[in-house]
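Comments concern the structure below.
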Amino acid sequence: MKSEIQLSTPNPAGLARRKFLNTAALAGLSLGTVACADKKSENVAGPASAPSTDGAHGGASVHLKPGELDTYYGIWSGGHTGDMRILGLPSGRELLRIPCFVPDALVGWGITNESKAIMGTKADGSLRYTVGDSHHTHASYKDGNYDGRYSWINDKINSRIARVRLDYFICDKITQLPNVQGFHGIFPDKRDPVDPAINYTTRVFCGGEFAIPLPNTGSEDASKYRSLFSCVDAETMEVRWQVLIDGNCDLVATSFDGKLAATNQYNTEMGAHYEDMMAAERDACLFYNVARIEAAVKAGKFKTIGKSKVPVVDGTREANSDPKTALTAYVSVPKNPHGVNATPDQKYFICAGKLSPTGTVIELAKVLDWFDGKLEKLDSAIVAEVELGLGPLHTAFDGRGNAYTTLFLDSQVVKWNIEAAIKFHNGDKSAKYVVDRIDVQYQPGHVNASQSETIAADGKYLAVGCKFSKDRFLPVGPLHAENEQLIDISGEKMVLLADHPVRGEPHDFIIFKRDLVKPKQVYSLDDFPNAIKDPKESGVFRQGKKVTVKMTSQAPAFSLREFTVKKGDQVTLILTNLDKIEDLTHGFAIPNYNVNFIVNPQETASVTFLADEPGVYWCYCTHFCHALHLEMRTRMIVEA
Ligand code: RUQ
Ligand code: CUA
Ligand code: CA
7 MKSEIQLSTP
17 NPAGLARRKF
27 LNTAALAGLS
37 LGTVACADKK
47 SENVAGPASA
57 PSTDGAHGGA
67 SVHLKPGELD
77 TYYGIWSGGH
87 TGDMRILGLP
97 SGRELLRIPC
107 FVPDALVGWG
117 ITNESKAIMG
127 TKADGSLRYT
137 VGDSHHTHAS
147 YKDGNYDGRY
157 SWINDKINSR
167 IARVRLDYFI
177 CDKITQLPNV
187 QGFHGIFPDK
197 RDPVDPAINY
207 TTRVFCGGEF
217 AIPLPNTGSE
227 DASKYRSLFS
237 CVDAETMEVR
247 WQVLIDGNCD
257 LVATSFDGKL
267 AATNQYNTEM
277 GAHYEDMMAA
287 ERDACLFYNV
297 ARIEAAVKAG
307 KFKTIGKSKV
317 PVVDGTREAN
327 SDPKTALTAY
337 VSVPKNPHGV
347 NATPDQKYFI
357 CAGKLSPTGT
367 VIELAKVLDW
377 FDGKLEKLDS
387 AIVAEVELGL
397 GPLHTAFDGR
407 GNAYTTLFLD
417 SQVVKWNIEA
427 AIKFHNGDKS
437 AKYVVDRIDV
447 QYQPGHVNAS
457 QSETIAADGK
467 YLAVGCKFSK
477 DRFLPVGPLH
487 AENEQLIDIS
497 GEKMVLLADH
507 PVRGEPHDFI
517 IFKRDLVKPK
527 QVYSLDDFPN
537 AIKDPKESGV
547 FRQGKKVTVK
557 MTSQAPAFSL
567 REFTVKKGDQ
577 VTLILTNLDK
587 IEDLTHGFAI
597 PNYNVNFIVN
607 PQETASVTFL
617 ADEPGVYWCY
627 CTHFCHALHL
637 EMRTRMIVEA
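In our numbering, the protein residues as written are 7 to 646.
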């Protein structure tokens with residue numbers, strides 16, 4: 007099965023070949039070749055680093071002795087499983103999956119009433135959606151570093167954003183964006199643009215990738231489709247405002263001063279087919295002036311779309327040509343760029359060219375100058391545009407002035423120095439901005455370094471999300487694992503430390519020091535309004551056909567040895583785990599009733615179901631908790 011376009015490495019032919027990829031250049035390229043033979047464009051400071059598998063270099067090792075703890079947390083997006091994955095690094099051990107958008111049988115996500123309320127249900131009580139497609143996860147900031155409160159994750163399919171609390175590591179809210187399809191990039195702000203006392207995240211910005219009719223009445227006139235950029239309140243998770251734009255949103259980044267958000271645009275052509283989307287030689291990085299947008303909303307300068315009450319301001323090019331009043335600024339970037347990232351020195355945004363072999367460095371102060379009427383030409387905010395290699399996608403930072411960009415087509419990560427690139431761009435052709443290259447296995451997408459997009463970027467580890475693993479693991483049939491690789495970036499040269507197979511398709515991740523989060527490992531009974539605080543409150547309480555069963559668990563027993571309901575009852579079973587000891591989780595399963603969930607120490611959860619089949623049902627604990635775990639049971643008797 008050959009797809010029409012297969013992106014990969016074309017034959018080397020020097021700079022001209024590298025200039026831009028167009029439709030013709032992409033067609034017929036095969037994924038079979040991995041790395042580009044032409045590694046040495048004129049600015050490369052030597053060959054790609056040799057891969058190393060010894061796991062030890064410059065003090066960095068991925069091997070932890072049994073019982074040793076990792077020094078970093080990684081938060082990984084779960085891809086199709088719609089969850090958030092928590093890893094320990096540098097070991098790469100997966101510690102937890104936090105379900106968000108898709109049901110999860112371990113914890114009863116999508117089964118308990120509490121999780122269904124977060125996920126959203128239809129009128130009949132069934133889940134609105136059971137599929138997800140998570141790409142990006144980013145955590146809340148304070149003073150330019152992570153503060154361990156929240157992390158957010160997107161669902162591209164159904165335009166949902168989920169928030170995960172980083173004290174209990176659970177999803178507590180999900181919001182669906184109105185009038186958005188293909189919600190892709192996501193990034194929290196880092197402080198308020200106006201109020202200096204608000205030095206932490208209060209907004210999360212969300213990029214809408216697919217243009218649609220607004221409102222979506224099913225019109226086929228694609229020339230009228232538009233995309234929206236959305237701002238979600240970090241606390242309430244309500245959508246505060248949206249911006250109508252030309253072109254599309256892809257990834258999102260934010261400035262450290264809170265003044266600007268940015269999204270890269272690969273479809274400024276507003277094409278409906280891929281040839282149209284790659285027609286222009288340049289697209290854009292679109293900047294949003296947050297304070298001005300909020301002032302416009304306050305002044306009532308907005309409209310609403312369809313049934314949504316969310317204010318929508320006009321961010322189109324036409325409406326924003328006067329810098330003094332502009333809400334948005336479209337900086338020109340070549341061609342179908344992918345990824346926009348803010349440097350930890352707080353000065354630049356970097357867009358990767360994707361179909362152009364370049365990285366574009368945009369100076370934030372100059373974009374702000376343009377908004378202030380002090381910079382005549384917006385595009386002079388570009389302080390460097392340099393060749394990096396084929397298929398540049400995402401960029402991470404080490405806090406020492408270097409950027410690390412993935413090259414999808416070259417199957418490499420390129421390390422380059424930003425200030426040297428600026429010098430080179432300004433005409434100093436002796437400035438060697440490419441510091442190193444390393445082959446990765448294979449075709450990398452996202453990349454992130456420890457603490458990368460914070461002021462505390464520490465330049466220790468780099469994780470690379472390789473989209474293809476090919477020959478790196480034992481074959482298991484047609485579906486290959488992806489290969490996430492860990493690279494030591496503490497020295498001048500990058501050193502490959504480890505391969506990890508991962509279930510598809512995590513996309514993005516962040517890595518931060520373990521002391522930035524303060525996890526709680528036992529709930530408080532008061533966190534749950536329906537908690538059963540005393541086993542004596544247990545029992546069966548009937549109101550007509552509605553029956554509430556209240557129960558507690560304490561190893562190795564449930565508070566009710568049996569409970570009786572009648573056929574046709576709508577049963578709500580509430581279970582509180584009164585065990586207080588860390589790690590003492592119980593489960594609760596009812597055969598044939600599709601009920602299985604857990605209660606962690608001091609947690610309360612409930613399920614509601616129709617008792618439609620008479621019989622005796624052994625409800626049992628599903629989570630190994632005690633020497634008498636197998637004996638930890640109760641009977642549900644459904645009378646005919
Ligand atoms: S995208 S491989 Cu969904 Cu993050 Cu760039
Ligand atoms: Cu309780 Cu197993
Ligand atoms: Ca384009």
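Heads up, the beta-carbon is just placed ideally off N, CA and C, and yes, glycines get one too. Bear in mind the structure is a predicted one, so any value in this text is a computation, not a measurement.
Assigned secondary structure, residue i (DSSP; H/G/I helix, E/B strand, else coil)
i, result
"Phe594", "strand"
"Lys572", "strand"
"Pro194", "strand"
"Gly94", "strand"
"Gly84", "coil"
"Pro144", "Inspection of the sequence shows that residue 144 is occupied by His rather than by Pro. Strand at His144."
"Lys542", "helix"
"Ala43", "Its pLDDT being 38, under 50, Ala43 is placed unreliably by the model, and the measurement read from it follows with that caveat. If DSSP states are grouped into helix, strand and coil, Ala43 belongs with coil."
"His635", "helix"
"Asp532", "helix"
"Ala111", "coil"
"Ala228", "helix"
"Asn270", "strand"
"Gly188", "strand"
"Thr242", "coil"
Nearest-angstrom Cα separation, counted from residue j out to residue i
i, j, result
"Asn164", "Arg134", "10 Å"
"Phe2", "Lys265", "The structure shown does not extend to residue 2, since the chain is modelled only from 7 to 646, so the question has no answer here."
"Glu48", "Glu324", "Any answer about Glu48 is weak, because its pLDDT of 44 lies below 50 and its placement is not dependable; what the coordinates show is given next. Their backbone Cα atoms lie some 41 Å apart in a straight line."
"Ala43", "Gly395", "Confidence is the limiting factor: at Ala43 the pLDDT is only 38, short of 50, which leaves the residue's position unreliable, though a coordinate-based value still follows. Distance between the alpha carbons of Ala43 and Gly395: 11 Å."
"Ser157", "Ser386", "35 Å"
"Leu480", "Tyr448", "16 Å"
"Ala409", "Pro343", "16 Å"
"Val245", "Glu637", "49 Å"
"Arg639", "Gln560", "11 Å"
"Ser146", "Arg171", "10 Å"
"Pro535", "Val644", "28 Å"
"Leu384", "Thr127", "47 Å"
"Asp198", "Thr322", "24 Å"
"Gly574", "Lys539", "29 Å"
"Leu361", "Tyr529", "49 Å"
"Tyr439", "Met500", "15 Å"
"Lys330", "Tyr336", "15 Å"
"Val137", "Leu95", "29 Å"
"Ala646", "Asp585", "35 Å"
Run of the alpha helix (DSSP H) containing residue i, from where it starts to where it stops
i, result
"Met642", "Here Met642 belongs to no alpha helix (DSSP H); instead the beta strand (DSSP E) covers Arg639 to Glu645."
"Met125", "Asn119 to Met125"
"Phe211", "Careful: Phe211 lies outside any alpha helix (DSSP H), inside the beta strand (DSSP E) at Arg209 to Phe216."
"Glu281", "Tyr280 to Met283"
Delimiting residues of the beta strand (DSSP E) encompassing residue i
i, result
"Lys524", "Element bounds for Lys524: n/a, residue is neither H nor E."
"Glu100", "Arg99 to Pro105"
"Thr181", "Ile176 to Gln182"
"Asp161", "Asn151 to Asp161"
"Val553", "Lys552 to Gln560"
"Phe235", "Ser233 to Asp239"
"Ser612", "Thr610 to Leu616"
"Val200", "It is not in any beta strand (DSSP E) - Val200 carries neither H nor E in the DSSP assignment."
"Leu70", "Careful: Leu70 lies outside any beta strand (DSSP E) and carries neither H nor E."
"Tyr626", "Gly621 to Tyr626"
"Leu250", "Val245 to Ile251"
"Ala129", "Ala129 -> no beta strand (DSSP E), and no H or E assigned at all."
"Val137", "Segment: none, Val137 is in no beta strand (DSSP E) and carries neither H nor E."
"Ala259", "Val258 to Thr260"
"Ile167", "Arg166 to Arg171"
Please go through the stretch 291 to 379 and give each complete alpha helix (DSSP H) segment of 4 or more residues, from N-terminal end onward. Runs found: 296 to 304 and 370 to 377.
Quick check: the stretch 224 to 240 against the stretch 273 to 280, are there 3 or more CB pairs under 8 Å? Under the 8 Å Cβ criterion, the stretch 224 to 240 counts as touching the stretch 273 to 280, having at least three qualifying pairs.
The stretch 456 to 467 contacting the stretch 411 to 418, beta-carbon criterion three pairs below 8 Å: No, the stretch 456 to 467 is not in contact with the stretch 411 to 418.
Is the number of C-beta pairs between the stretch 234 to 251 and the stretch 210 to 225 that are closer than 8 Å three or more? Taking 8 Å as the limit for Cβ pairs, the verdict is that the stretch 210 to 225 does touch the stretch 234 to 251.
Within the stretch 378 to 457, ranges of the beta strand (DSSP E) (whole runs, at least 3 residues): Correct list: 388 to 393, 398 to 403, 408 to 413, 418 to 423, 440 to 445 and 450 to 455.
In chain order, which beta strand (DSSP E) runs of at least 3 residues are fully inside the stretch 460 to 520? Listed in chain order, the beta strand (DSSP E) runs fully inside the stretch 460 to 520 are 467 to 472, 488 to 494, 501 to 508 and 515 to 519, counting runs of at least 3 residues.
Between the stretch 281 to 294 and the stretch 339 to 356, do three or more beta carbon pairs fall short of 8 Å? Yes, the stretch 281 to 294 touches the stretch 339 to 356.
Does the pairing of the stretch 627 to 634 with the stretch 590 to 605 give three or more beta-carbon distances under 8 Å? Judged by Cβ distances under 8 Å, the stretch 627 to 634 makes contact with the stretch 590 to 605, as three or more pairs qualify.
If contact is defined by three or more beta carbon pairs under 8 Å, each pair taking one atom from either stretch, is the stretch 573 to 588 in contact with the stretch 608 to 615? They touch, by the three-pair rule.
Does the contact criterion of 3 or more C-beta pairs under 8 Å hold for the stretch 109 to 125 versus the stretch 508 to 522? Not touching, per the Cβ criterion.
Any contact between the stretch 257 to 271 and the stretch 366 to 375? By contact I mean 3 or more CB pairs, one from each, below 8 Å. Because the criterion of three Cβ pairs below 8 Å is met, the stretch 257 to 271 and the stretch 366 to 375 touch.
Pairing CB atoms from the stretch 537 to 551 with CB atoms from the stretch 483 to 494, are three or more of them under 8 Å? With the cut-off at 8 Å, the stretch 537 to 551 and the stretch 483 to 494 do not touch.
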